[in-house]
Structures are given as structure tokens and as C-alpha cells.
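Colleague:
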Amino acid sequence: MMTTIETHAPKRRKFAYRINLVGVVGFAVIVFWAIIAVIAPWIIPHPVGEILDFDYFGPMSQQFWLGSDYLGRDMLSRILMGARYTVGISLVAVSIACFSGVVLGMIAAVSGGWVDIFLSRFLDAMNSIPSKLFGLVVVAAVGSSIPVLVLTLAVIYTPGSYRFARALAVNINTMDFITVARARGEGIAYLVASEILPNIVGPVLADLGLRFVFIVLLLSGLSFLGLGVQPPYADWGALVRENIGGLPLGAPAVIFPSIAIATLTISVNLLIDNLPQKIRDRSE
516 MMTTIETHAP KRRKFAYRIN LVGVVGFAVI VFWAIIAVIA PWIIPHPVGE ILDFDYFGPM
576 SQQFWLGSDY LGRDMLSRIL MGARYTVGIS LVAVSIACFS GVVLGMIAAV SGGWVDIFLS
636 RFLDAMNSIP SKLFGLVVVA AVGSSIPVLV LTLAVIYTPG SYRFARALAV NINTMDFITV
696 ARARGEGIAY LVASEILPNI VGPVLADLGL RFVFIVLLLS GLSFLGLGVQ PPYADWGALV
756 RENIGGLPLG APAVIFPSIA IATLTISVNL LIDNLPQKIR DRSE
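Just so you know, we're using this note's numbering here: the sequence shown kicks off at 516 and counts up by one.
Set out below in C-alpha cells:
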């Protein structure tokens with residue numbers, strides 16, 4: 516009787532996440548602007564309000580790397596400080612919006628009934644109001660302080676985050692392990708925190724990135740219209756508005772704030788588009 520011995524080659528463990536060069540570049544740009552937003556007051560070459568150049572819309576030079584603005588102020592300093600407001604306000608607003616929307620979405624999916632109906636209809640009504648119109652009305656009526664901007668932007672984007680999270684949570688809520696947890700007598704808080712959230716966190720993070728881009732663009736639009744960050748402070752949208760008169764001259768003062776907005780928003784999109792599938796879809 517012959518016996519055969521089967522030999523199995525050792526399995527190579529696949530690296531869980533494939534690194535994409537485009538995603539890495541996008542992530543590096545995002546980290547760069549985040550660091551600038553934190554350390555800007557300590558690295559700006561000149562005070563942001565000091566008039567240094569007698570030539571308005573001055574060109575790039577050894578003294579003014581990004582030229583000067585319509586009053587002769589250093590644009591490099593103003594762009595670096597503007598990152599604090601653009602990145603900071605957008606990050607706080609998107610965090611509030613996504614946290615509120617995701618929590619409410621999971622609660623609605625798990626609870627069902629009148630809770631789901633009430634939250635869905637109310638937030639659908641909020642979502643039907645055009646975002647720019649809502650922002651313009653609120654900021655024009657209440658004022659344009661930074662807390663008002665943060666709360667306005669958060670309210671505008673909470674309904675979309677709620678809808679996204681609820682759609683994900685409804686699918687998870689029908690699975691067998693949720694039924695088992697309910698049979699054990701687990702409450703809504705346990706189901707939301709321990710069963711549903713871990714299974715939707717990947718798509719939720721990708722959605723957070725997209726909403727961050729929308730908030731940056733909306734904040735810049737409000738500032739361009741004069742209803743965003745107010746002087747003496749300025750975000751990137753306000754810098755474009757201040758120096759729009761230099762556009763026919765090709766002034767660096769209006770070009771570089773626009774480039775800053777573009778690099779941040781495009782980098783976030785590139786990072787989201789090139790996230791590993793395991794993070795985006797939670798697939799094994």
C-alpha cells in the first residue's frame with residue numbers, strides 16, 4: 516500500500532493594504548496643509564497686517580516669495596495664516612456634521628418606526644434648501660463670526676451625512692448577527708456602537724473626506740461674497756475676493772490663494788479615490 520505525502524508550500528501573507536502613489540501624494544499634500552494650519556503663526560515671515568511693499572499687487576521677489584496684495588502686504592504670510600481658517604473651520608464643521616449625521620442615521624435605522632420617519636422627513640426638508648442660499652441667509656441675518664460659520668456649515672451638511680449613514684446602517688441592520696444581538700436583549704446603544712458602527716466606518720470616513728471638500732468650497736464661496744471670515748482675519752476665499760482686482764494683471768496675490776484651495780480639495784479627492792478597497796468597502 517502506497518501512501519502519498521502531500522506537501523503544501525507555505526502561504527505568503529498578503530499585505531492588507533496596497534499603497535497607491537497617487538493616494539500617497541494626495542495624503543502628503545493634506546498633511547502639509549494641516550501642519551501649516553497648526554504652525555502658521557510661528558513660521559510666517561511678516562505680520563499679516565503689516566504694509567511692506569509700496570507697489571500694490573507686487574510681483575514675486577526675493578523679499579516677497581508670493582508677491583504682495585492690493586495694500587502691499589506679504590501674500591505668503593497671509594496664505595499661511597489663511598490655512599488656519601480654511602482648514603480649521605472646515606475640519607470642525609465636517610466633524611460636527613458627520614458625527615451628528617452618522618449617529619442619527621444609525622439610531623434611525625436601528626429604531627425604525629416613528630423615530631426613523633420623523634428624523635428622515637425633518638432632515639429631508641433641511642436637505643431640500645439650497646446650501647448656498649441657506650448659508651447666505653443665516654450668515655447675513657446672524658452675523659459672520661467663526662462660531663456661526665462653523666454651525667451653519669455643520670447644519671447644511673448634516674442631512675446628507677445622515678442619509679448616507681442610514682442607508683449603510685439599514686443594510687447592516689438586516690444581518691443575522693444583529694438578530695442574534697437583539698435576541699440576547701441588547702439595547703440600541705450597544706447595537707449602534709458595537710455592531711453597526713464598526714461595519715460602516717470605512718465608507719463613513721470616505722464620505723467625511725468628500726464633505727470636507729464641499730465645506731471648503733462653500734466656505735470659500737461665502738468668503739468670496741464677503742459673508743465668510745471677516746477682516747482683519749482672512750481665509751483663502753477672502754484672499755481671492757480682496758485681490759480680485761489684480762486678475763487682469765495676472766497678480767500672484769489672486770492666483771496663489773486659488774491654487775491653495777485647488778491643491779487642498781483635489782488632494783482630498785485623490786486620496787479618497789485611491790483608498791484601498793478594504794478601507795472603502797470593508798471587504799475581506
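Each residue gets a CB set at the ideal place from its N, CA and C atoms; glycine is no exception. These figures come from a predicted structure and were not determined experimentally.
(1) If you follow the alpha helix (DSSP H) that Leu-595 is in, where does it begin and where does it stop?
(2) Hey, would you say Gln-745 sits closer than 8 Å to Ser-635, going by beta carbons?
(3) Between Ile-545 and Ala-775, is the Cβ-Cβ spacing less than 8 Å?
(4) Out of Thr-601, Trp-548, Asp-788 and Val-540, which one is the CA nearest neighbour of Gly-717?
(5) The alpha helix (DSSP H) with Ile-644 in it runs from where to where?
(6) Hey, how far is the Cα of Leu-733 from the Cα of Leu-664?
(7) Where does Ser-583 sit, in a helix, a strand or coil, going by DSSP?
(8) Should the segment 556-564 be called in touch with the segment 592-610, which here means at least 3 C-beta pairs below 8 Å?
(9) Relative to the C-alpha of Ser-576, which candidate in Pro-767, Val-728 and Leu-786 has its C-alpha closest?
(10) From His-561, Gly-603, Val-537 and Trp-580, pick the residue whose C-alpha is nearest to that of Ile-551; which is it?
(11) Could you please give the first and the last residue of the uninterrupted alpha helix (DSSP H) stretch that includes Ser-576?
Modeller: Well, looking at it:
(1) Stepping through the sequence shown from its first residue, residue 595 is reached at position 80. Element bounds for Leu-595: 590-626.
(2) On the sequence shown, residue 745 is found 230 positions in, with the first residue counted as 1. On the sequence shown, residue 635 is found 120 positions in, with the first residue counted as 1. Their beta carbons are not under 8 Å apart, which means Gln-745 does not touch Ser-635 by this criterion.
(3) Taking the sequence shown and counting its residues from 1, one reaches residue 545 at position 30. Taking the sequence shown and counting its residues from 1, one reaches residue 775 at position 260. Cβ atoms of Ile-545 and Ala-775: not closer than 8 Å.
(4) Here the question's residue 717 lines up with position 202 in the sequence shown. With distances taken between Cα atoms, Gly-717 lies closest to Asp-788.
(5) Here residue 644 is taken as the residue at index 129 of the sequence shown, counted from 1. Ile-644 -> no alpha helix (DSSP H), and no H or E assigned at all.
(6) Locating residue 733 in the sequence shown gives position 218, where the first residue counts as 1. Locating residue 664 in the sequence shown gives position 149, where the first residue counts as 1. Rounded to the nearest angstrom, the gap between the Cα atoms of Leu-733 and Leu-664 is 10 Å.
(7) Residue numbering aside, residue 583 sits at position 68 when the sequence shown is read from its first letter. The answer is strand: DSSP assigns Ser-583 an E or B state.
(8) Touching, yes.
(9) Here the question's residue 576 lines up with position 61 in the sequence shown. For Ser-576, the nearest C-alpha among the options comes from Pro-767.
(10) Taking the first residue of the sequence shown as 1, we reach residue 551 at position 36. Nearest to Ile-551 by C-alpha distance, out of His-561, Gly-603, Val-537 and Trp-580, is Gly-603.
(11) For the purposes of this step, residue 576 is taken as residue 61 along the sequence shown, with counting starting at 1. Per DSSP, Ser-576 belongs to no alpha helix (DSSP H) and is neither H nor E.
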